[in-house]
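Protein chains in written order, with the numbering used here: chain A, 568 to 990; chain B, 568 to 990; chain C, 568 to 990.
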Amino acid sequence: PAVQAQGLTEAQYQRLKSEVKKELAEEGGTDLKVKWKGAPELSSSDGKFKFKVRGRLNVDYNGIDQDEAITGDPDVSAVELRRARIGVEGVVFSDVGYKFEIDFAGDGASVKDAYIEYSGLPFDITVGNFKPYNSLEEMMSANYLTFMERAAFIEAFGLDRLIGAGLSYDQNKHWTLSAGVFATTPESDQVTFYEDGTTFSSRLTVAPINEERRVVHLGASVRQRDAAGEPRDGVTENLFRYRARGADLHLADRFIETPYIGESDTFWGLEGAVVWGSFSIQGEYSQNKVDVASSIANVSPTYDGWYIDASYFLTGETRPYKDGVFGRVKVNNPVFDGGGWGAWQIAGRYDVLDLSDQAAAIAAGGVVSCAACGEQKTWLVGVNWYLNDYTRLMLNVNQSEIAGGINDGAEVTGVGMRAQIDW
Amino acid sequence: PAVQAQGLTEAQYQRLKSEVKKELAEEGGTDLKVKWKGAPELSSSDGKFKFKVRGRLNVDYNGIDQDEAITGDPDVSAVELRRARIGVEGVVFSDVGYKFEIDFAGDGASVKDAYIEYSGLPFDITVGNFKPYNSLEEMMSANYLTFMERAAFIEAFGLDRLIGAGLSYDQNKHWTLSAGVFATTPESDQVTFYEDGTTFSSRLTVAPINEERRVVHLGASVRQRDAAGEPRDGVTENLFRYRARGADLHLADRFIETPYIGESDTFWGLEGAVVWGSFSIQGEYSQNKVDVASSIANVSPTYDGWYIDASYFLTGETRPYKDGVFGRVKVNNPVFDGGGWGAWQIAGRYDVLDLSDQAAAIAAGGVVSCAACGEQKTWLVGVNWYLNDYTRLMLNVNQSEIAGGINDGAEVTGVGMRAQIDW
Amino acid sequence: PAVQAQGLTEAQYQRLKSEVKKELAEEGGTDLKVKWKGAPELSSSDGKFKFKVRGRLNVDYNGIDQDEAITGDPDVSAVELRRARIGVEGVVFSDVGYKFEIDFAGDGASVKDAYIEYSGLPFDITVGNFKPYNSLEEMMSANYLTFMERAAFIEAFGLDRLIGAGLSYDQNKHWTLSAGVFATTPESDQVTFYEDGTTFSSRLTVAPINEERRVVHLGASVRQRDAAGEPRDGVTENLFRYRARGADLHLADRFIETPYIGESDTFWGLEGAVVWGSFSIQGEYSQNKVDVASSIANVSPTYDGWYIDASYFLTGETRPYKDGVFGRVKVNNPVFDGGGWGAWQIAGRYDVLDLSDQAAAIAAGGVVSCAACGEQKTWLVGVNWYLNDYTRLMLNVNQSEIAGGINDGAEVTGVGMRAQIDW
């Protein structure tokens, strides 16, 4: 600046400016930095403290033809808040952080991520309620999924948050490794069982190519879990069951499902994904080998599930990749008065879940029926309209075919629509 | 400023100031504006992002003589948290906003407003859980009601939040128009029914006079709704019932009520209000014509409800009016150590609800009794003490007379007290 | 500053600086001060508005040998979110503040502190859901307790939050006095009873020595309460019962407990604590005299409970004392990458609860059994590792001996571990 030419030297100017700034910071007490990530992330000037409120809303409509002639279940035409969450995340001193989020959908209260994390070592230590390390789609936030619901094997094989402790390494651009031990009982049953059972989980991901708009992702994960022990109430079932909803839609009924049979099970899964500019292919294959309780039958069926999907942004965006998962899409031309048309993405998926293995042998024990232990094959096509980085509308048109079991031959066809926002 | 008289030119001064500001903003990272509305509303400098935490507490006492000799119900002397809410609202990019609030009263979790709103057009588009467009008192926030509870017809005719989509125009000072379509099933029953039913709703308001301290408000609204279809559990009732609490108090029992009878119904209501300085009169009249399920009786009773109230601020305040509803009272002299006496308001209301139409014909079907299908007339007087814009104490003294039905002749008299805060 | 030596006088400098600051504050709209207390406390420049988000997570493991041979209850090996809370606190104008916090542990929603407070007088007025004024450990935040669970008498004698109103004086460094009147029915039963019952409570504390690292605390409190009246559902029990968990661990079963017997009761308790640098001793003694419902037996047993504990910080910290309770420990050398080892505290406690008084007389009425009306004596040793002011890990090893009743002679031994964070 040429201030000094007009009666104030450059040194005077700099001195004045720095003193004004310092006093403003001190007197104002505004020890604060702000980054807008939907809601503001507040942090102290030295970065030792951080705080952000989180949340999301999913407003859904499902219209489903449930093939009543075969399944006996009427058609569905219904709305719901699929997710309605509020939460917080922050850092309370340098390397100690937390995240805590609750879902109030259906006028309930369901604790989602609720953990403490220490990040002062090369690997992170996490303690609390969080997702065991299995499956690409499961590890991804539902905010960023390509379709409205995850692939059928994820619910079927019981991939969901548990209370436990884990280590995860994600400081290399090209690979991540995570492992943890968890109680098998979910938070909602936290005081139900004398023994909560044990779940071991581990996941490795490799990204030989990890560039902007060019990603090759490979992954593998395993999980071994034992069911919880005796319930305090003498009533709650402690064995595992396996099931999925028709047409990959949340308000559909379930047309393939096993009874409560599993005493322990072993899951393994493989993941692959390629991003090539606006185009992306993604797939997973998984098996879950179940040790049926000996009081039911001496068999160990193996269930499997897999999907493959492809998606394309008509408007040029790409799927961002980091730490072994895909994240928030950056919209090139957000929608607003005077703005652009947002991002448009089209996508298709084929999703298979097979729960039919050894159905006859399970039923032969005479303790349970395995009448719905069948297979479901689902086609999905979808269109996603991202208004901005935090808002999107989704349309899915899906059809499941059921093979085997009491619903054999049923065709379940549905449409799902969602308005989604997060902050 | 007269800075230049002291050795620094005006140009120097402006340059210095703008550089200090720029550097402060860059270094500090404080892309932030703040408005205090109870809690702080944070926004980015360009206004494209906003965020505010919301909430409220209502701490109530009810003491009620329930005329046990006639009604069989003992007197009430009880406290409750009538409302205990936390929520958030914000804008995630320019024209896309959201609001989400949950009520935890009674150790439950009840989703209140939970919607996404697009405001980049002349009219707003709203999707999610919010209030259909009916009735002045229903559309107003409970924070600003003159009495502790809304008029009896509002609960009786089922005016409450539903999941749906709506359009609303409120950019003209003198009128608003809104219309929406909703599922009939509330959020708490979101997965209960195969078919959620349909509700149409629309409201028009006109304010020929809309000045500070001078308002004439006229309004009309209609609603047509069909009950939900078959419940998934085979148990939950899907027909409508109509009922109200004694003495317009929340902890009173209900002395007039119909059984579950309505398959569909049509509501219409008229509104009027005048503000003349600190004085205000307000009233509404409504009818709800019910199509009773043919399995019960082939009748279509018409129920009606209305109220008229008057209120006056002893301390000079007025009722602010905007967008077809009344809002937050600005207190002239808030209460604090060294401050004023707050705002004092006195009010009276007469509130009538008549559910007696065709009671005999309904019961004659032999399927249900209509034993409590009567009429309730309630007198209320109230005093409100506003400590500041966000805090008030309320006292209501109410008396209902019941006519018709099994509680015919009962006089239910009660006192309600509330401490209210919101942020 | 030596600015004036270079062409600008000191007066010019000050004037310039103050004008720049004033205009910056006005234009920037940042009417904001920030204090970091885990999460940021935001306040307006004039201090008339404040706002802070609160919350905490407790992730617990319990492993307990429940002496199944005697008690019949299997061993426990289970995890839980012991506390999972989000809340807010703030000031909406000068002297009117609020606090509201909800616990979501176990996927429930339980309202904790939820009150409005007026602080413009020498004493504070509080209205809402909050803790009646009894017992040092009960009045303290669980964030600051030396052991994972409070002493057994606190749950046994029903010391917990209620809805009511209270006055408290805490402006003298050396004493506090509080008194309140509450409904006896907790928030979760707020609409259950026609009459909510009444609880009176008062507490006096004296601190003849109250210096940094030197504290002598003495306290006494009383409580008189009547049970709620007739329940609306005709089912919920309105009498008091008294009970405690084995080994002072939250996931243990209860081995001493009375039936629902109390129609009213009177509690009194004495408190004492000494802090001498990093060393601290603390103890409480309490009695609860119960009027058994005359329909059960004409007796008035007196139950008592007491504990004494000692604790020591190996790393030099002390227990901060203020307003009659102990608060947040300031950690000298917090743990982070490049930081210190945190604070380490060792502690021991002996905790006794006797519910055996007049057990035979109660059972003699023939209405209820008093089979588990025994005594429990518990030894606890603990180690606490404070990573920073807001995070700690806890380890407790506890053993209870049961005397009297059906579990006579049982030894319940357990270990508890907790990861705790708050903000």
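Even glycine gets a Cβ: it sits at the ideal position worked out from N, Cα and C.
**chain A contacts from the region 658 to 675 of chain B (Cβ-Cβ distance under 8 Å)** = Val-659, Phe-660, Ser-661, Asp-662, Val-663, Tyr-665, Phe-667, Ile-669 and Gly-675
**Asked** Start and end of the beta strand (DSSP E) containing Ala-732 (chain B)?
**Response** As a working mapping, residue 732 (chain B) is identified with position 165 in the second sequence. Where Ala-732 (chain B) is concerned, the enclosing beta strand (DSSP E) stretches over 729 to 739.
**Item:** Sub-8 Å separation of Asp-627 (chain C) and Gly-983 (chain C) beta-carbons
**Value:** Along the third sequence, one-based indexing puts residue 627 (chain C) at 60. Along the third sequence, one-based indexing puts residue 983 (chain C) at 416. Cβ distance < 8 Å, so Asp-627 (chain C) and Gly-983 (chain C) count as in contact.
**Prompt:** For Ala-569 (chain B), does the three-state DSSP call read helix, strand or coil?
**Reply:** Taking the second sequence and counting its residues from 1, the one referred to as residue 569 (chain B) is at position 2. A caution first: Ala-569 (chain B) carries a pLDDT of 42, below 50, which makes its placement in the model unreliable, though a value can still be read off. Of the three classes helix, strand and coil, the one that applies to Ala-569 (chain B) here is coil, per DSSP.
**Request:** Round the Cβ separation of Ile-828 (chain B) and Leu-920 (chain B) to the nearest angstrom and send it over; I've been treating them as touching at under 8 Å.
**Result:** Start at 1 with the first residue of the second sequence, and residue 828 (chain B) comes out as number 261. Start at 1 with the first residue of the second sequence, and residue 920 (chain B) comes out as number 353. Between Leu-920 (chain B) and Ile-828 (chain B) the Cβ distance is about 16 Å, and since that is not below 8 Å, they are no contact.
**Asked** DSSP on Ser-612 (chain B), reduced to helix/strand/coil?
**Response** Counting from 1 along the second sequence, the entry for residue 612 (chain B) is found at position 45. It is coil, neither helix nor strand.
**Asked** Got a sec? Which residues, its chain only, sit under 7 Å from Asp-871 (chain B) by beta carbon, not counting five neighbours each side?
**Response** The residue you call residue 871 (chain B) lines up with position 304 of the second sequence. For Asp-871 (chain B), where only same-chain residues beyond five positions count, the Cβ hits under 7 Å are Ser-853, Gln-854 and Asp-921.
**Asked** Exposed or buried, what is Val-570 (chain A) when buried is set at 16 or more other beta-carbons lying within 10 Å of its beta-carbon?
**Response** Locating residue 570 (chain A) in the first sequence gives position 3, counting from the first residue. Confidence in Val-570 (chain A) is poor, its pLDDT being 43 and thus under 50, which makes the residue's placement too unreliable to answer from.
**Request:** Closer than 7 Å, Cβ to Cβ, to anything on chain A: give me those residues from the region 630 to 641 of chain C, in chain order.
**Result:** Pro-641
**Request:** Look up Phe-760 (chain A) in the DSSP assignment and say whether it is helix, strand or coil.
**Result:** One-based indexing of the first sequence puts residue 760 (chain A) at position 193. Look at Phe-760 (chain A) here: in three-state DSSP terms it is strand.
**Message:** Using a Cβ-based criterion (distance less than 7 Å to any ligand heavy atom), does Tyr-809 (chain C) qualify as near the ligand SAM?
**Reply:** In the structure on display, the ligand SAM does not appear, and there are no ligands present to speak of.
**Message:** Against chain B, with Cβ distances strictly below 8 Å, would Tyr-1003 (chain C) count as a contact?
**Reply:** Any answer about residue 1003 (chain C) is impossible in this case: the structure gives chain C only from 568 up to 990.
**Request:** Could you pull the start and end residues of the alpha helix (DSSP H) that Phe-671 (chain B) belongs to?
**Result:** As a position in the second sequence, residue 671 (chain B) is number 104, starting the count at 1. Segment: none, Phe-671 (chain B) is in no alpha helix (DSSP H) and carries neither H nor E.
**Three-state secondary structure (DSSP) of Gly-829 (chain C)** = The count along the third sequence starts at 1 and reaches residue 829 (chain C) at position 262. Of the three classes helix, strand and coil, the one that applies to Gly-829 (chain C) here is strand, per DSSP.
**Residues of its chain near Asp-598 (chain A), where Cβ-Cβ distance is below 6 Å and the 5 sequence neighbours each way are ignored** = The residue given as residue 598 (chain A) occupies position 31 in the first sequence. If we look at Asp-598 (chain A) and ignore the five residues flanking it on each side, its Cβ neighbours are Ser-611 and Ser-612.
**Request:** Answer with buried or exposed for Gln-757 (chain C), where buried requires no fewer than 16 other C-beta atoms within 10 angstroms of its C-beta.
**Result:** By 1-based counting over the third sequence, the position of residue 757 (chain C) is 190. Looking at its Cβ environment, which holds 16 or more other Cβ atoms inside 10 Å, Gln-757 (chain C) is buried.
**DSSP state of Asn-625 (chain C) mapped onto helix, strand, coil** = Here residue 625 (chain C) refers to the residue found at position 58 of the third sequence. In the structure shown, Asn-625 (chain C) sits in a strand (DSSP, three-state: E or B).
**Residue burial classification, Gln-987 (chain C) (beta-carbon count within 10 angstroms, cutoff 16)** = As a first step, residue 987 (chain C) must be located in the third sequence, where it is residue number 420. It is buried - the Cβ of Gln-987 (chain C) has at least 16 other Cβ atoms within 10 Å.
**Prompt:** Along the chain, where does the beta strand (DSSP E) that runs through Leu-920 (chain C) open and close?
**Reply:** By 1-based counting over the third sequence, the position of residue 920 (chain C) is 353. Segment 910 to 921, the beta strand (DSSP E) holding Leu-920 (chain C).
**Asked** Is there contact here, the region 679 to 694 of chain C with the region 647 to 662 of chain C, by at least three beta-carbon pairs under 8 Å?
**Response** yes
**Asked** With a CB to CB cut of under 7 Å and the five nearest residues on each side skipped, what residues in its chain are close to Asp-975 (chain C)?
**Response** In the third sequence, counting from the first residue as 1, residue 975 (chain C) sits at position 408. For Asp-975 (chain C), where only same-chain residues beyond five positions count, the Cβ hits under 7 Å are Gly-941 and Ile-969.
**Against chain C: residues of the region 691 to 704 of chain A by CB proximity under 9 Å** = Val-694, Gly-695 and Asn-696
**Asked** Mind listing which residues of the region 936 to 960 of chain C have their C-beta closer than 8 Å to chain A's C-betas, in chain order?
**Response** Leu-954, Asn-955, Asp-956, Tyr-957 and Thr-958
**Item:** Beta-carbon neighbours of Phe-618 (chain A), restricted to chain C and to distances below 9 Å
**Value:** Here residue 618 (chain A) corresponds to residue number 51 of the first sequence, with the count starting at 1. Near Phe-618 (chain A) (Cβ distances below 9 Å), the residues of chain C are Trp-603, Gly-605, Ala-606, Pro-607, Val-620 and Trp-990.
**Asked** Should Leu-881 (chain B) go down as buried or exposed, given a rule of 16 or more other Cβ atoms within 10 Å for buried?
**Response** Taking the second sequence and counting its residues from 1, one reaches residue 881 (chain B) at position 314. Looking at its Cβ environment, which holds fewer than 16 other Cβ atoms inside 10 Å, Leu-881 (chain B) is exposed.
**Prompt:** Apart from the five residues just before and just after Glu-704 (chain C), which ones in its own chain have a Cβ nearer than 7 Å to its Cβ?
**Reply:** As a first step, residue 704 (chain C) is located in the third sequence; it is residue number 137 there, counting from the start. Excluding residues within five positions, the ones whose Cβ falls inside 7 Å are Leu-712, Arg-717, Ala-718, Ile-721 and Glu-851.
**Asked** Starting from Met-707 (chain A) and walking both ways along the alpha helix (DSSP H), at which residues does that stretch end?
**Response** Locating residue 707 (chain A) in the first sequence gives position 140, counting from the first residue. Looking at the DSSP string, Met-707 (chain A) is not in any alpha helix (DSSP H), and its letter there is neither H nor E.
**Request:** Please report the residue range of the beta strand (DSSP E) in which Phe-846 (chain C) lies.
**Result:** Stepping through the third sequence from its first residue, residue 846 (chain C) is reached at position 279. 846 to 859 is the extent of the beta strand (DSSP E) around Phe-846 (chain C).
**Asked** Based on the DSSP output, what are the partners of Gly-695 (chain C) in its beta bridges?
**Response** The residue given as residue 695 (chain C) occupies position 128 in the third sequence. In the DSSP secondary-structure assignment, Gly-695 (chain C) is bridged to C:Tyr-682 and C:Gly-731.
**Prompt:** Using CA coordinates, which residue listed in C:Gly-839, C:Thr-869 and C:Gly-971 is at the minimum distance from Val-782 (chain C)?
**Reply:** Translated into the one-based positions of the third sequence, residue 782 (chain C) becomes position 215. Per the Cα distances, C:Gly-839.
**Item:** Ser-708 (chain B) and Ser-745 (chain B) closer than 8 Å at C-beta
**Value:** As a working mapping, residue 708 (chain B) is identified with position 141 in the second sequence. As a working mapping, residue 745 (chain B) is identified with position 178 in the second sequence. No. Outside cutoff.
**Asked** So, Gly-764 (chain A) versus Ala-750 (chain A), is the Cβ gap smaller than 8 Å?
**Response** Taking the first sequence and counting its residues from 1, the one referred to as residue 764 (chain A) is at position 197. Taking the first sequence and counting its residues from 1, the one referred to as residue 750 (chain A) is at position 183. Yes, Cβ-Cβ distance for Gly-764 (chain A) and Ala-750 (chain A) is below 8 Å.
**Request:** Give the residues from the region 963 to 977 of chain C that approach chain A closer than 9 Å (Cβ to any Cβ), ordered along the chain.
**Result:** Cβ proximity to chain A below 9 Å picks out nothing from the region 963 to 977 of chain C.
**Message:** Whole angstroms are fine: how far does the CA of Gly-836 (chain A) sit from the CA of Asp-670 (chain A)?
**Reply:** Walking along the first sequence from the start, residue 670 (chain A) turns up at place 103. Walking along the first sequence from the start, residue 836 (chain A) turns up at place 269. Their backbone Cα atoms lie some 28 Å apart in a straight line.
**Asked** From the DSSP output, which residues share a beta bridge with Ile-653 (chain C)?
**Response** For the purposes of this step, residue 653 (chain C) is identified with residue 86 of the third sequence, where counting begins at 1. In the DSSP output, where bridge partners are listed per residue, Ile-653 (chain C) has C:Gly-622 and C:Ile-669.
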